[in-house]
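Chemist:
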Amino acid sequence: MTTETTTESTTESTTDPSAGGPSGADPGHRRTLPIVLAALLLVSVAAVGVLAWQTIGADRTRASRDEAVAAARDEVAQVLSYDSKTLDADLARSRAPVSGTFSAQFNDLINQVIGPAVRQQNMATKAQVLRAAPTQDVRPDQVTVLMFVKQTNTMTGQPQPQETTNQLTVTVTRVGDRWLISNLQPL
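And the structure:
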């Protein structure tokens, strides 16, 4: 019986939590677990916050891109359409959505080429954007757009209108709450 008593007391001491056995082993372990869980919770909350911030930023960039493409479509059609009968008003309207250093270049083009040619040939040009898509150069305040533009030209002495299709890259820049053309290049 002596052997049995010794074995029982050993078994009891390893399963008794107050005895410091495996089930209640290290009291520091009980203090560490809540700290680890709290740290994991903080890391999880931080990760969710970062992902939410990135998603919001991506949504804003996407919305800016869509607004910019829509503005570029409207403005390019406006800038590239004019009629000799209403030329002064058309050219004034064409200057409105243009900004930056391109504004001076566009003014020179209007004054030296477009205005004189339209008056001399009694011409009307109607521009229509067939397709427009942002390039990879998309920033929250500036977007470059690839466009396919059809221009229909009518002139005195030509019975049929002439149509041309051009490819353009158009850069639009946010100025205040508007998107304005800051560059326009034929390809």
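With my numbering applied, the sequence shown corresponds to residues 645 to 831, in that order. Even glycine gets a Cβ: it sits at the ideal position worked out from N, Cα and C. Fair warning: this is a prediction, and the values are worked out from it, not measured in the lab.
Can you tell me which of Asp732, Gln722, Asp727, Ile758 puts its alpha carbon nearest to the alpha carbon of Val742?
Modeler: The candidate whose alpha carbon is nearest that of Val742 is Gln722.
Chemist: Quick one: measure Cβ to Cβ for Leu724 and Thr769, integer angstroms, because I've assumed they're closer than 8 angstroms.
Modeler: With 8 angstroms as the limit, Leu724 and Thr769 qualify as a contact, their Cβ atoms being about 7 angstroms apart.
Chemist: Should Thr815 be labelled buried (16 or more other beta-carbon atoms within 10 Å of its own) or exposed?
Modeler: Buried, because 16 or more other Cβ atoms sit within 10 Å of the Cβ of Thr815.
Chemist: Grab me the residues of Asp781's own chain with a C-beta within less than 6 angstroms of its C-beta, minus the 5 sequence neighbours each way, in chain order.
Modeler: So the qualifying residues of the chain are Thr788.
Chemist: Arg775 to Ala690, Cα distance in whole Å?
Modeler: Roughly 42 angstroms between the two C-alpha positions.
Chemist: On the three-pair Cβ rule with 8 angstroms, is the region 789-799 touching the region 736-753?
Modeler: They do not touch, by the three-pair rule.
Chemist: Excluding sequence positions up to five away, which residues of its chain have a Cβ less than 8 angstroms from the Cβ of Ala761?
Modeler: Closer than 8 angstroms at Cβ, skipping near neighbours: Met767.
Chemist: Measure from the alpha carbon of Ala771 to the alpha carbon of each residue in Asp718, Ala740, Lys794, then state which is nearest.
Modeler: When each option's Cα is compared against that of Ala771, the closest is Lys794.
Chemist: Quick one: what's got a C-beta closer than 6 angstroms to Thr798's C-beta in the same chain, skipping five residues either side?
Modeler: For Thr798, where only same-chain residues beyond five positions count, the Cβ hits under 6 angstroms are Ala768, Pro805.
Chemist: Could you spell out where the beta strand (DSSP E) holding Pro778 opens and where it closes?
Modeler: 767-783 is the span of the beta strand (DSSP E), which, as asked, contains Pro778.
Chemist: Can you tell which of Gly759, Val819, Phe746, Asp734 has the C-alpha that lies nearest to the C-alpha of Gln786?
Modeler: The candidate whose alpha carbon is nearest that of Gln786 is Val819.
Chemist: In terms of alpha-carbon separation, which member of Arg709, Ser826, Gln764, Leu831 lies closest to Gly801?
Modeler: Comparing Cα positions, the closest option is Gln764.
Chemist: Gln795 bridges to which residues according to DSSP?
Modeler: According to DSSP, which records beta bridges pairwise, Gln795 is partnered with Ala771, Thr808.
Chemist: Helix, strand or coil, according to DSSP, for Gly665 in the structure here?
Modeler: With a pLDDT of 48 at Gly665, under the threshold of 50, the predicted position of this residue should be treated as unreliable, though the coordinate-derived value follows. Gly665 falls in the coil class under three-state DSSP.
Chemist: Quick one: is Glu719 buried, meaning 16 or more other Cβ sit within 10 Å of its Cβ, or exposed?
Modeler: With 16 or more other Cβ atoms within 10 Å, it is buried.
Chemist: Tell me whether Leu681 is buried or exposed, calling it buried when 16 or more other Cβ atoms sit within 10 Å of its Cβ.
Modeler: Exposed, because fewer than 16 other Cβ atoms sit within 10 Å of the Cβ of Leu681.
Chemist: Does DSSP classify Gln756 as helix, strand or coil?
Modeler: Note: Gln756 maps to helix in three-state DSSP.
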